[in-house]
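Reviewing the structure listed below.
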Amino acid sequence: MTLAQTAMASTLLALSTAATAAPLDAFLEANPQARYGQGMVEFTADRMNKSLDLLKLRDNSLVVAGENSGDYQGGTLRAGLSLRPDIWVDGALQRRKITYGPDQPQIDSWRVGAQWQFLQAQANSPAAALRVSAWGNQSSQVVKSTPTPLGPPDGPLNCKDAGCIDRLSVNNAKDHTLQADLIGSWALGAAKLSAFAGAGQGKVTVGSITANASGVPLLGNVTTTYSNGSFDNNLFNLAADLDLFKLNTELQSVNYNTRMAQAGFNLAYGTGPWLLRGGYVLQNIQRTGVDDVIRNKNKTPYNLNHTLVGEVGYKLSPNVVLFTRGQAMTRQFLTEMPFLYNSLTSQRFNQRYGILSVGISAGFY
186 MTLAQTAMAS TLLALSTAAT AAPLDAFLEA NPQARYGQGM VEFTADRMNK
236 SLDLLKLRDN SLVVAGENSG DYQGGTLRAG LSLRPDIWVD GALQRRKITY
286 GPDQPQIDSW RVGAQWQFLQ AQANSPAAAL RVSAWGNQSS QVVKSTPTPL
336 GPPDGPLNCK DAGCIDRLSV NNAKDHTLQA DLIGSWALGA AKLSAFAGAG
386 QGKVTVGSIT ANASGVPLLG NVTTTYSNGS FDNNLFNLAA DLDLFKLNTE
436 LQSVNYNTRM AQAGFNLAYG TGPWLLRGGY VLQNIQRTGV DDVIRNKNKT
486 PYNLNHTLVG EVGYKLSPNV VLFTRGQAMT RQFLTEMPFL YNSLTSQRFN
536 QRYGILSVGI SAGFY
């Protein structure tokens, strides 16, 4: 394994252990005004660590790599406003940190959306709405600062004999998606059932990938960067047997287009001061070029993700609700954080993950 191959695989593997809170599509409903009135503001503190993982949702290898590896902490601020009885707009900002050993990259996310309720609920028909939204994620730099030994897979893998990559970074990684959903909601006494289906398309880009190495035989300390589809000059001096076509094909696949589709439902129920919600969403994502690269390596690309979300709320007053929320996914954040997925990180996504949130929301009537 060359310096470039080890650097890129290790950097992107570190990136793939990150996670983000979902945009909560599992709770889509046709008439948010019935729940929040003329507007709402909500804040949540989102966490996952060994103590909170009572259901053992995290992959065991994260814990083996370090007691704090795979830990998640962040905050989410959401707000919505009714412009008219049939028009609702909303947005969200998220900031969170992912811990992996000594490294704690920061990931920022955003979302804006608007929906039009074109059908009022009738005796024999549901309320129905069309929603359009745009959302994305970005990280200015995701760093792996723990040493990564260089050398062939069947040879001595230690820093003394082969040198080490001391620092790896993925720079200016981001994604964005445009999405449309059709939503229907049925009143069932004290409960409300909602179902939805939608589709979208997006783009993933990575600015550059940099590796700093020390103790490389005959070379000493070197730095190599991959950007704009090519390497800088240092790379060509690192290994005479570098398979440029194969490696370039893999690295070019970190920039790609996406298509996604989803369908799901949720059920909300209220009794006295208690508010209960549960939702499920199945999401499928297709990636231009990436899955073919993965198949050519005799590995399995992952496209489907099942997500369950549950929430228990208590009304502190008619307008203020204190709640706790849990989310479980079969394949980490496969569809909510597209830039984490590429041909070098795909196998990390055959793993479960979950987060817990505590928050407070206020509606305005």
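First residue of the sequence shown? That's 186 in the numbering used here, and the numbers climb one at a time after it. Every residue gets a Cβ at the ideal spot worked out from N, C-alpha and C, and that includes glycine. Values in this document were obtained by computation on a predicted structure and should not be read as measured data.
task: Report the three-state DSSP secondary structure of D210 (helix, strand or coil).
output: Residue state, collapsed to three classes: helix.
task: Return the residue from the list Q512, W320 and P332 that minimises the CA-CA distance to P287.
output: Out of Q512, W320 and P332, the CA that lies nearest to the CA of P287 is found in P332.
query: Going along the chain, which residues of its own chain have a beta-carbon closer than 6 Å to the beta-carbon of S619, five neighbours each way excluded?
result: The question about residue 619 has no answer, for the chain in this structure spans 186 to 550.
message: For Q279 and S412, I'd like the C-alpha separation in whole angstroms.
response: C-alpha separation (whole angstroms): 28 Å.
message: Once DSSP output is grouped into helix, strand and coil, what is the label at N535?
response: DSSP places N535 in coil when its eight states are reduced to three.
message: Q447 and A382 - do their beta-carbons sit closer together than 8 Å?
response: Their beta carbons are under 8 Å apart, which means A382 touches Q447 by this criterion.
- prompt: Thinking C-alpha only, which one of K329, F303 and F524 is nearest R352?
  reply: Of the candidates K329, F303 and F524, the one whose C-alpha sits nearest the C-alpha of R352 is K329.
message: If distances are taken between C-alpha atoms only, which option among R533, F508, R480 and G464 comes closest to E214?
response: Residue G464 is the option with its Cα nearest to E214.
query: Does at least one heavy atom of the ligand MG sit under 7 Å from the Cβ of T443?
result: Among the components of this structure there are no ligands whatsoever, and the ligand MG is therefore not found.
task: Please name the residue, chosen from P270, Q512 and S370, that lies closest to R232 on a Cα-to-Cα basis.
output: Shortest Cα-Cα distance from R232 to any of P270, Q512 and S370 involves Q512.
task: Kindly provide the ranges of any beta strand (DSSP E) runs that are 3 or more residues long and lie completely inside the region 360-406, ordered along the chain.
output: Every beta strand (DSSP E) stretch that sits fully inside the region 360-406 and reaches 3 residues is listed by chain position as 376-401.
message: Check whether the region 209-224 and the region 253-271 are in contact - that is, three or more C-beta pairs closer than 8 Å.
response: In this structure the region 209-224 lies against the region 253-271, because at least three pairs of beta carbons, one per stretch, are closer than 8 Å.
- request: Please classify A396: is it buried, with 16 or more other beta-carbons within 10 angstroms of its beta-carbon, or exposed?
  value: A396 comes out buried.
message: Does the structure place the region 355-373 close enough to the region 530-542 that three or more beta carbon pairs sit under 8 Å?
response: Taking 8 Å as the limit for Cβ pairs, the verdict is that the region 355-373 does not touch the region 530-542.
- prompt: What's the C-alpha gap between A424 and T409?
  reply: Legend: pLDDT at A424 = 45, less than 50; position of this residue unreliable, no value from coordinates given.
field: beta strand (DSSP E) runs wholly inside the region 255-327, at least 3 long, in chain order
entry: As far as the region 255-327 is concerned, its whole beta strand (DSSP E) runs of at least 3 residues are 256-269, 272-284 and 291-304.
field: Buried or exposed (CB count within 10 angstroms, at least 16 for buried), A312
entry: Buried, since its Cβ has 16 or more Cβ neighbours within 10 Å.
query: For F518, does the three-state DSSP call read helix, strand or coil?
result: Secondary structure at F518: coil, using DSSP grouped into helix, strand and coil.
- request: Give me the Cα-Cα distance between M225 and W459, rounded to the nearest whole angstrom.
  value: Taken atom to atom, the span from the alpha-carbon of M225 to that of W459 is near 18 Å.
- prompt: Where does L489 land, buried or exposed, given buried means 16+ other C-beta within 10 angstroms?
  reply: Under a 10 Å Cβ-count criterion, L489 is classified as exposed, with fewer than 16 other Cβ atoms of the shown protein chains found around its own Cβ.
query: First and last residue of the beta strand (DSSP E) that includes N413?
result: It is not in any beta strand (DSSP E) - N413 carries neither H nor E in the DSSP assignment.
- prompt: Taking the alpha-carbon positions, what's the N481 to L519 distance?
  reply: Straight-line Cα distance between these residues: approximately 21 Å.
- prompt: Considering only C-alpha positions, which residue in the set L436, A314, A308 and N322 is nearest to R296?
  reply: Minimum Cα distance to R296 is reached at N322.
- request: Identify the continuous beta strand (DSSP E) that holds Q468 and give its terminal residues.
  value: Boundaries of the beta strand (DSSP E) harbouring Q468: W459 to R472, taken from the DSSP string.
- request: In the DSSP assignment, find the beta strand (DSSP E) that holds A230 and state where it starts and stops.
  value: Counting along the chain, the beta strand (DSSP E) containing A230 begins and ends at G224 to M233.
- prompt: Distance, Cα to Cα, T509 vs G498?
  reply: Each residue's alpha carbon lies about 7 Å from the other.
message: What does the alpha-carbon distance come out to for the pair N483 and A211?
response: Answer to the nearest angstrom: the Cα atoms are 33 Å apart.
task: Compute the distance between the beta-carbons of E227 and G495, then report whether it is under 8 Å.
output: For the pair E227 and G495, the CB atoms are not nearer than the 8 Å cut-off.
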